[in-house]
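Peer 1:
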Amino acid sequence: MLFESLVVSAVLFAVGVAGVLLRRNAIVMFMCIELMLNAVNLSFVAISRYVGIEGQLFVIFVMTVAAAEAAVGLAVIISIFRHYESVDVRNFRLLRW
Amino acid sequence: MVGAALVDLVLSLAQEATGAHERVFVPFLPSWMILLPFLGFVLNGAIGYLAPERRRLVSLIGPGVLGLTFLIAAVNLVLIAGVHEAEPVIRSYWTWIEVGQLRIEAALQLDQLSVIMALVVACVSFIIHVYSVGYMGEDPGYARYFSFLNLFVFFMLVLVLSASFPLMFIGWEGVGLCSYLLIGFWFRESAKADAGQKAFIVNRIGDFGFLMAMFAMFAYLGTLDFQGVFEAAPRAFEYGGAAVTLITLFLFLGCTGKSAQIPLYVWLPDAMHGPTPVSALIHAATMVTAGVYLVARAGVLFALAPLSMNVVAVVGGVTALFAGTIAVQQYDIKRVVAYSTISQLGYMFLAVGVGAYTAGIFHLGTHAFFKALLFLASGAVIHAMHHALEHADEPAGEDVTQDMRNMGALRKYLPTTFKTAWVGALALAGVFPLAGFFSKDEIIWSAGARGQTVLWVVGVVTALLTAGYITRWLVMTFHGENRTGERARKYLHEAAPIMVGALVVLAIGSVVTGWVNVPEALPLLPEFTWLHHFLHPSFAQAEHILVEHLGEAAHVSPIGGGEGMWALISTAAAIVTILIVFNVLSGKRYLPAREAKEPAGLWGLLYHKYYVDELYDLVIVRPFKWLCVFSWRVVDQGLIDGVMVNGVGYTTRFGGWLISRFQTGYLGTYVLIIVLGALIILGAVTL
């Protein structure tokens, strides 16, 4: 059971990484980050079955932080959209040399 | 320093009250001798700054303080001469330096040698200060001139009266500084400023030797007081050992710089760019004799190092001959006398080098008078030439007014100067009964008596050369036909009375000073060899070492005959030389300088001073300049500024630029880097 859970978690994480790397839409990238977080959550839960309750406890923390992050991240994206009328990350590259 | 003056005043009063001076030598206000010239320097310097037009005040202060100094020195000489074989008196005022084992007192040493030196310095300085009142009277830098001259006498007396090598070094450096300031006194002309720098730089080479000698002395003996060093030296050093030889050779390097001996003599002829009284005081009578004084003062050390003694004597002899030959073919009235000075200094070193310390100091004293006289007479001539040419609206630069080819027959226009110049010239040539006869004869005699036959011959030949070149000097300046030119001739006139007075006083000095040391072989006075007996305590220790290792000096010359006979022969030879040269040159017609051709052949070699300046320029000055340019362009600008300072800057900037390339601003790049980084870390941890 553990093995399958970890495989699913790894696949989800890889999908998330690939999404962040390859997509240019800020919202999709953002969702991919959530996917990575939740992939990690899945492995926490799976392992907690053998190690102890701390894994599940940690998942609550991660979800709390993810919710806060989502609020801030979406606010940033909305602000960017208002400025550029687009959420393509290639458009905002002011912070460079 | 004011404290030192008060200490001396109180001590003198106390000793006056108790009558202590009748039994032992008690110096009379020794620190005042030093402080009075310093006071003169301060006051004249202040006047120069605040009220340069107060010339009469300067004329009063400048020579006045020297007059008082001279009186104090004379009183001290009388006091010390009244006590038989007086012990040296050390008067210590405060501790100057105290570091670890090194302890140096600000102390003065009053013994026979220092007192007689102080008297010579003060006497000649006083006369030359008085002369300067007339010579420099119209110069805009009058107060500045006198303040420098006073400062020079201050340092010279520090040099002479100090009781330790470091304090002597202060005076040594100080007189060098004043020499530089006064050579370049008319610093607006670049040749004169350059001459000052040349003197200073060449002297620095010599000073390095003095410093090294002091370091070595402290390393071996642990003290730098004269008395401490001379007491410890015979026990600490073996006779002829490497350490004492090295110390004395370094000391002598200092002497060659200060006293213008081969190889460091080149600055002295150029020093003639200074005002003539300065040439007389600093570059003939006093400062340049400091080296002789140092060798005599450190006589114990030199006596322990026979090799160094020989080096001193040979360098002195060679310099005497070398400079004498150059003097034969110079046309500048001051340069002839300048090379003569180098030559006579060579004599003094020859004397102290063969162990005849008294003879060296004796010649130092007599030379101070007759050479100052010759310089001041030259000064009077230059003064007259300058005025005459200026009145006639002709060029009156240094090269015109000092060229003897433009003079001639000046005896009609400057009769007193002419007479005193003859006295000085005869004294220099060593004609009986003038001063130079006694002192120079004693030196030549001492060289022979110590068995130095070659040096004895060199001395005799140089004596004949001396008689020759100084007669040529007289003939070209004062005899024959006048070559100044029709218009300027009318304006030639005798110098101011104050200058003539100084010349007369020096002429009297040139006659009488020789009589303080009449040799035993010529029983002309009941009290013969007074100076020898007087100075005996100062040199007793050194002479004792010499006698112990080398034996007594002989009383016959290398080729036979006693002192009296050779004295007669040398005088006769000098007179014959003078007569021959006088007759030959009187008939010769010189052309004025601008019409004359440059001498060729051997005369040209002498005229160009053996091309020594050119040689030094080629071998030392130019390679040094190249080294300087290399250090500047390659080492400083290239290596230090370029590679090191700017190199660090460029490297940092390049590194920053390189790393800034990663800051693309694209979110994707950052993500990629984070992922790659995470993978690398993971890979490293797991593998």
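Residue numbers (my numbering), protein chains in the order written: chain A, 4 to 100; chain B, 100 to 786. Note that CB positions come from ideal geometry on N, CA and C, so glycine has one too. Computed from a predicted structure; not experimentally measured.
(1) Only counting the same chain, and skipping five residues up and downstream in sequence, which positions put a Cβ closer than 7 Å to that of B/F531?
(2) Which residues in chain A have a C-beta closer than 8 Å to the C-beta of B/T785? List them in chain order.
(3) Using the three-state DSSP reduction, which class does B/Y689 fall into: helix, strand or coil?
(4) Does any CB atom of chain A fall closer than 8 Å to the CB of B/T763?
(5) So for B/V610, helix, strand or coil by DSSP?
(6) Using CA coordinates, which residue listed in B/A450, B/S442, B/A397 is at the minimum distance from B/H382?
(7) On the CB-based measure, 16 or more other CB atoms within 10 Å of its CB, does B/K539 come out buried or exposed?
(8) Any C-beta of chain B within less than 9 Å: which residues of the region 72-94 of chain A qualify?
(9) If you follow the alpha helix (DSSP H) that B/R571 is part of, which residue opens it and which one closes it?
(10) Since B/Y234 and B/M506 are thought to touch, with beta carbons under 8 Å apart, how far apart are those beta carbons, to the nearest angstrom?
(11) Counting beta carbon pairs with one atom in the region 404-424 of chain B and one in the region 472-491 of chain B, are three or more of them shorter than 8 Å?
(12) With a threshold of 8 Å between beta carbons, is A/V43 in contact with chain B?
(13) Of the residues B/E330, B/L352, B/F461, B/V604, which one's Cα is nearest the Cα of B/T516?
(14) Let me know the alpha helix (DSSP H) ranges lying completely inside the region 130-190 of chain B, each 4 residues or longer, listed in chain order.
(15) In chain B, what lies closer than 8 Å to A/V20 by C-beta?
(16) What are the start and end residues of the beta strand (DSSP E) that includes B/R202?
(17) Would the beta-carbon of B/A526 fall within 8 Å of that of B/A673?
(18) For B/W131, which residues from the same chain have a beta carbon less than 7 Å from its beta carbon, with the 5 sequence-adjacent residues on both sides left out?
(19) So, B/F461 versus B/N249, is the Cβ gap smaller than 8 Å?
(20) By the 8 Å beta-carbon criterion, what residues does the region 273-304 of chain B contribute toward chain A?
(21) Could you check how far apart the C-beta atoms of B/A370 and B/S378 are, in whole angstroms? I think they sit under 8 Å.
(22) Report yes or no: do three or more beta-carbon pairs, one from the region 292-311 of chain B and one from the region 354-372 of chain B, lie closer than 8 Å?
(23) Taking the straight line between their C-alpha atoms, what separation do you get for B/V220 and B/V257?
(24) Assign A/S89 to one of three DSSP states: helix, strand, or coil.
(25) In its own chain, which residues sit with a C-beta less than 7 Å from the C-beta of B/N581, not counting the 5 before and 5 after it?
(26) Between the Cα of B/R571 and the Cα atoms of B/Y430, B/S289, B/A546, which residue gives the shortest distance?
(27) Which value, in whole angstroms, describes the spacing of the CA atoms of B/V646 and B/L403?
(28) For the alpha helix (DSSP H) that contains B/F761, what are its first and last residues?
(29) What's the C-alpha gap between A/F61 and A/Y87?
(30) Considering B/N302, what are the terminal residues of the alpha helix (DSSP H) in which it resides?
(31) What separation, rounded to the nearest whole angstrom, lies between the Cα atoms of A/A69 and B/L781?
(32) Strictly below 9 Å CB to CB, what residues from chain B border A/L97?
(33) Tell me, please, whether the CB atom of A/V31 is closer than 8 Å to any CB atom in chain B?
(34) Straight-line CA distance for B/A206 to B/L348?
(35) A/E37 and A/A74 - do their beta-carbons sit closer together than 8 Å?
(36) So, is the C-beta of B/L771 closer than 8 Å to a C-beta in chain A?
Peer 2: Looking at the atomic coordinates:
(1) Taking the first residue of the second sequence as position 1, residue 531 of chain B is located at position 432. Closer than 7 Å at Cβ, skipping near neighbours: T670.
(2) Translated into positions along the second sequence, residue 785 of chain B becomes position 686. Residues of chain A passing the Cβ test: none, with the nearest at roughly 14 Å.
(3) As a first step, residue 689 of chain B is located in the second sequence; it is residue number 590 there, counting from the start. Three-state DSSP puts B/Y689 in coil, outside helix and strand.
(4) Your numbering for residue 763 of chain B matches position 664 in the second sequence. At least one chain A Cβ lies under 8 Å of B/T763.
(5) Mapped onto the second sequence, residue 610 of chain B falls at position 511. Three-state DSSP puts B/V610 in a helix.
(6) By 1-based counting over the second sequence, the position of residue 382 of chain B is 283. Considering only alpha carbons, the answer is B/S442.
(7) Taking the first residue of the second sequence as 1, we reach residue 539 of chain B at position 440. Buried: at least 16 other Cβ atoms inside 10 Å.
(8) V92, R93
(9) For the purposes of this step, residue 571 of chain B is taken as the residue at position 472 of the second sequence. Segment 552-577, the alpha helix (DSSP H) holding B/R571.
(10) Reading the second sequence from its first residue, position 135 is the one you call residue 234 of chain B. Reading the second sequence from its first residue, position 407 is the one you call residue 506 of chain B. In fact, because the Cβ distance is near 18 Å, the residues do not count as touching under 8 Å.
(11) no
(12) For the purposes of this step, residue 43 of chain A is identified with residue 40 of the first sequence, where counting begins at 1. No - not a single Cβ of chain B is within 8 Å of the one on A/V43.
(13) As a working note, residue 516 of chain B is residue 417 in the second sequence. When each option's Cα is compared against that of B/T516, the closest is B/V604.
(14) 154-180
(15) Here residue 20 of chain A refers to the residue found at position 17 when the first sequence is read from its first residue. Ordered by position in chain B, the residues that pass the 8 Å Cβ test against A/V20 are V774.
(16) The count along the second sequence starts at 1 and reaches residue 202 of chain B at position 103. Counting along the chain, the beta strand (DSSP E) containing B/R202 begins and ends at 201-209.
(17) Position 427 of the second sequence, counted from the first residue, corresponds to residue 526 of chain B. Position 574 of the second sequence, counted from the first residue, corresponds to residue 673 of chain B. No, they are not a contact pair.
(18) The residue labelled residue 131 of chain B in the question sits at position 32 within the second sequence. Result list for B/W131: A104, D107, I171, in chain order.
(19) To locate residue 461 of chain B, count along the second sequence from 1; it is residue 362. To locate residue 249 of chain B, count along the second sequence from 1; it is residue 150. No, the Cβ-Cβ distance between B/F461 and B/N249 is not below 8 Å.
(20) none
(21) Within the second sequence, numbered from 1, the residue matching residue 370 of chain B stands at position 271. Within the second sequence, numbered from 1, the residue matching residue 378 of chain B stands at position 279. Right, their Cβ atoms sit about 7 Å apart.
(22) yes
(23) Start at 1 with the first residue of the second sequence, and residue 220 of chain B comes out as number 121. Start at 1 with the first residue of the second sequence, and residue 257 of chain B comes out as number 158. In a straight line, the C-alpha of B/V220 is about 11 Å away from that of B/V257.
(24) On the first sequence, position 86 is the one that residue 89 of chain A refers to. DSSP places A/S89 in coil when its eight states are reduced to three.
(25) The residue given as residue 581 of chain B occupies position 482 in the second sequence. Cβ within range, chain order: G507, A508, R588.
(26) Numbered from 1 along the second sequence, position 472 holds the residue referred to as residue 571 of chain B. Among B/Y430, B/S289, B/A546, the Cα nearest to that of B/R571 belongs to B/Y430.
(27) Reading the second sequence from its first residue, position 547 is the one you call residue 646 of chain B. Reading the second sequence from its first residue, position 304 is the one you call residue 403 of chain B. Straight-line Cα distance between these residues: approximately 11 Å.
(28) Here residue 761 of chain B refers to the residue found at position 662 when the second sequence is read from its first residue. Per DSSP, B/F761 belongs to no alpha helix (DSSP H) and is neither H nor E.
(29) Within the first sequence, residue 61 of chain A is the residue found at index 58, counting from 1. Within the first sequence, residue 87 of chain A is the residue found at index 84, counting from 1. Each residue's Cα considered, the two are about 38 Å apart.
(30) As a working mapping, residue 302 of chain B is identified with position 203 in the second sequence. 289-320 is the span of the alpha helix (DSSP H), which, as asked, contains B/N302.
(31) The residue you call residue 69 of chain A lines up with position 66 of the first sequence. The residue you call residue 781 of chain B lines up with position 682 of the second sequence. In a straight line, the C-alpha of A/A69 is about 24 Å away from that of B/L781.
(32) For the purposes of this step, residue 97 of chain A is taken as the residue at position 94 of the first sequence. Under the 9 Å cutoff, chain B gives G764.
(33) Taking the first residue of the first sequence as 1, we reach residue 31 of chain A at position 28. Not closer than 8 Å to any Cβ of chain B, the Cβ of A/V31 fails to qualify, so no.
(34) Counted from its first residue, the second sequence places residue 206 of chain B at position 107. Counted from its first residue, the second sequence places residue 348 of chain B at position 249. Straight-line Cα distance between these residues: approximately 26 Å.
(35) On the first sequence, position 71 is the one that residue 74 of chain A refers to. On the first sequence, position 34 is the one that residue 37 of chain A refers to. Taking 8 Å as the Cβ cut-off, A/A74 and A/E37 do not qualify as a contacting pair.
(36) Numbered from 1 along the second sequence, position 672 holds the residue referred to as residue 771 of chain B. True, the Cβ-Cβ gap to chain A drops below 8 Å.
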